[in-house]
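Participant: If you read the sequence shown in my numbering, its first letter stands for residue 280, the second for the next number, and so on. One structure, as structure tokens, below. Some questions next.
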Amino acid sequence: MSITGSWQRAADGAGLLSPDGTIRATIFAEMSALAEATGAINLGQGFPDEDGPDEVLAAAREAIKNGMNQYPPGRGTAELRTAIAEHQKRFYGIELDADREVLVTAGATEALAATILGLVDDGDEVVTLEPFYDAYGALISLSRGEHRTVTLRLPDFLPDHDDLRAAVTDRTRLIVINTPHNPTGAVLPLDTLELIVELAHEHDALIVTDEVYEHLVFDQRHIPIASLPGAWERTLTISSGGKTFSATGWKIGWITGPAKLITAVLSVKQFLTYVNGAPFQPAIATGLALPDTFFDTIAGVLKQKRDVLSAGLSKAGLEVFPSEAGYFVVADAAPLGYDDAVTLCRELPDLAGVVAVPISAFCHDELAGEYSSLVRFAFCKRFEVLELAAAQLARLGR
Ligand code: PMP
Ligand code: GLN
């Protein structure tokens with residue numbers, strides 16, 4: 280597929296531009312297509328294979344039945360904005376004005392897009408962690424920003440504080456963090472979050488925090504950076520109903536922060552999708568108001584799934600890194616003699632009837648080389664699927 284201009288730049292930023300100017304599909308699309316074509320178990324793209332809570336599904340059906348089928352308001356329905364504000368207060372003690380400080384978006388992806396396109400000017404530096412979610416690289420390139428990264432170091436995939444200090448400068452416009460982190464399952468500790476707030480002040484940068492896995496943290500509590508002293512006025516917090524309510528196809532996301540910044544994001548968002556998902560908005564509002572037991576249970580179940588898959592990967596002979604949260608676990612295939620995870624992932628359907636994603640897809644060239652044997656596996660699947668995948672992966676070691 281050939282494209283031109285700014286989108287070519289975007290593809291380049293996401294590592295998807297071929298030397299002849301054509302772009303490739305994202306690694307998630309490629310690997311899901313491979314799973315489809317081969318019948319292999321899809322532990323590549325992160326989406327659950329079971330529906331979320333009945334109340335949430337019923338609320339969407341009810342909304343369609345009741346005629347919520349036209350454009351919702353530009354900022355999102357009042358009901359959902361209020362539910363988001365109440366959620367932030369209930370879980371994190373963050374008080375929001377639902378009319379000015381909350382914006383509903385087409386998934387977290389649109390919130391990221393409108394934020395980066397709205398706030399980054401030619402040559403502004405944007406700092407992210409690396410590995411990074413592919414959309415970050417694409418959007419930074421599209422906005423003509425300069426992408427600077429801070430490497431997440433093995434074995435816990437946390438950033439070194441000196442690396443963070445070196446990456447953030449007076450040229451930094453945005454510090455984009457993602458905690459809990461895709462693809463590594465890392466959770467940024469409090470002292471790292473505090474340092475990021477300090478650096479944002481020192482260099483007059485804004486913080487953008489992608490917290491789509493906020494409710495999928497296993498043994499600790501999620502700390503939104505916006506809740507730290509001095510953070511609020513320079514932080515935009517992004518989340519989404521996709522992961523929490525197992526509804527990744529609904530694409531209801533949101534962004535919260537100071538009214539002035541939200542208005543800047545809205546000014547771009549109104550020309551991207553304008554609005555989306557009218558009947559899903561009340562459904563996600565229903566989900567956000569579910570009792571604590573729901574939120575505790577989803578994290579607990581996912582933790583057990585992590586354990587099943589991690590044990591299977593270890594047994595198969597891979598070196599498994601700890602995953603503290605989210606949908607994914609990273610494993611090193613080098614102990615099995617596979618140094619190139621891209622090749623391994625293409626062969627994995629044949630070798631083990633499983634699809635996974637190479638970590639290099641989340642890295643610029645240099646780190647892609649260093650992390651070339653690392654593979655991301657998704658564990659947001661039914662127990663029997665994970666057990667079958669684990670049994671099939673055991674073939675790798677034979
Ligand atoms: N950020 C991260 C870290 C993600 O993993 C994803 C995808 N699941 C997104 C953003 C996109 O979220 P959404 O589907 O709500 O657009
Ligand atoms: N967030 C999902 C993942 O990391 C993929 C979403 C997508 O396909 N863009 O697997």
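We put the CB at the ideal spot given by N, CA and C, even for glycine.
(1) Please report the residue range of the beta strand (DSSP E) in which Gly566 lies.
(2) Any heavy atom of the ligand PMP closer than 6 Å to the CB of Asp489?
(3) Kindly confirm or deny that the region 371 to 383 and the region 429 to 437 touch, where touching means at least three C-beta pairs closer than 8 Å.
(4) For Asn348, does the count of other Cβ atoms within 10 angstroms reach 16, so buried, or fall short, so exposed?
(5) Can you tell which of Arg360, Thr542 and Ala387 has the C-alpha that lies nearest to the C-alpha of Gly528?
(6) To the nearest angstrom, how far is it from the Cα of Thr514 to the Cα of Leu472?
(7) For His440, name the three-state secondary structure that DSSP assigns.
(8) Alpha carbons only, please: which of Glu389, Ala314 and Glu649 is nearest the one belonging to Ile517?
(9) So for Ala510, helix, strand or coil by DSSP?
(10) Any chance you could list the residues with Cβ under 6 Å from a heavy atom of the ligand GLN, keeping chain order?
(11) Return the first residue and the last residue of the beta strand (DSSP E) that Ile531 is part of.
(12) Measuring straight from C-alpha to C-alpha, what distance separates Asp403 and Ile504?
(13) Is it true that the region 525 to 542 meets the region 326 to 334, where meeting means three or more beta-carbon pairs spaced less than 8 Å apart?
(14) Determine whether the beta carbon atoms of Gly596 and Leu615 lie at a separation below 7 Å.
(15) Of the residues Glu409, Gly521, Pro561 and Asn461, which one's Cα is nearest the Cα of Gly648?
(16) To which residues does DSSP link Pro462 through a beta bridge?
(17) Within 10 Å of its beta-carbon, does Ala538 have 16 or more other beta-carbons around it, so buried, or fewer, so exposed?
(18) Is DSSP giving Leu623 helix, strand or coil here?
(19) Once DSSP output is grouped into helix, strand and coil, what is the label at Arg655?
(20) Provide the residue(s) that pair with Arg432 in DSSP beta bridges, ordered along the chain.
(21) Would the region 566 to 581 count as touching the region 436 to 454 if we require 3 or more Cβ pairs under 8 Å?
(22) Suppose you measure from the CA of Ile563 to the CA of Asp299; what does that come to, to the nearest Å?
(23) Please work out which residues of its chain come closer than 6 Å, Cβ to Cβ, to Arg303, disregarding the five sequence neighbours upstream and downstream, and give them in chain order.
Facilitator: On the basis of the supplied data:
(1) Run containing Gly566: none in the beta strand (DSSP E); it sits in the alpha helix (DSSP H), Phe559 to Leu567.
(2) yes
(3) no
(4) exposed
(5) Ala387
(6) 12 Å
(7) helix
(8) Glu389
(9) coil
(10) Thr305, Phe307, Gln324, Gly325 and Asn461
(11) Ile531 to Thr535
(12) 22 Å
(13) yes
(14) yes
(15) Glu409
(16) DSSP, once it has assigned bridges, lists no residue as partnering Pro462.
(17) exposed
(18) helix
(19) strand
(20) Leu437
(21) no
(22) 43 Å
(23) Leu295
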